[in-house]
Every structure is written in structure tokens, then in C-alpha cells.
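**Student:**
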Amino acid sequence: MQTQLNPSEISELIKHRIEKAKLSAEARNEGTVTSVSDGIVRVYGLADAMQGEMIELPNNTFALALNLERDSVGAVVLGDYEHLR
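So that you can map any letter, position 41 of the sequence shown is 1284 in this note's numbering, and since no number is skipped, the others follow by simple counting.
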């Protein structure tokens, strides 16, 4: 006979597994911001970037890679960009 779990037991089981999960992020590449204009940055040196990939910029700022070129990536900054140079 199968044991039935009630919703609160399922919820606790999920919470426990989430708390035990080991998540990490690592920087794969580093690039250089070569230009900033109207919320768009151009970053040199991210040859492995993929379209739609989140790019971390200085001061906990993020951008979304959209324009992939051979030697640079164009990305839309998500948030304030005036501190970028």
C-alpha cells in the first residue's frame, strides 16, 4: 500500500531540499566595457557570450547580451548605467 503525503508534508520536503541545494555562480570570461550610450554597452573580449545571456558589469549592474559580434558584444543595461565608463 502506498503512503500518501499531505500538502504540508510535501511543502516541508521541498523547502528542506531547497535549503540543502548547493548553488554557485562563476565568472567564465572577463571583458572590457568599451562604450556606453543610452543604456547600451559594448563589451570587448566576451567571445563565448550567448544571445540573451546575463552579463555582470561593475557595481552589481547587469546587462542582457543581444548583439553578438566577432570581437564585442552589445548589451542592454538593466538599471542605472551612468556609473559605467
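Glycine included, each C-beta is placed from N, C-alpha and C at the ideal position.
Is GLU1273 helix, strand or coil when you go by DSSP?
**Tutor:** Of the three classes helix, strand and coil, the one that applies to GLU1273 here is coil, per DSSP.
**Student:** Taking the alpha helix (DSSP H) that SER1251 falls in, what are its first and last residues?
**Tutor:** That run of the alpha helix (DSSP H) goes 1250-1263.
**Student:** If you follow the beta strand (DSSP E) that GLU1299 is in, where does it begin and where does it stop?
**Tutor:** GLU1299 -> beta strand (DSSP E) spans 1297-1300.
**Student:** Considering TYR1324, what are the terminal residues of the beta strand (DSSP E) in which it resides?
**Tutor:** Looking at the DSSP string, TYR1324 is not in any beta strand (DSSP E), and its letter there is neither H nor E.
**Student:** Using 10 angstroms around the beta-carbon of LEU1289, count the other beta-carbons present and answer buried if the total reaches 16, otherwise exposed.
**Tutor:** Buried: at least 16 other Cβ atoms inside 10 Å.
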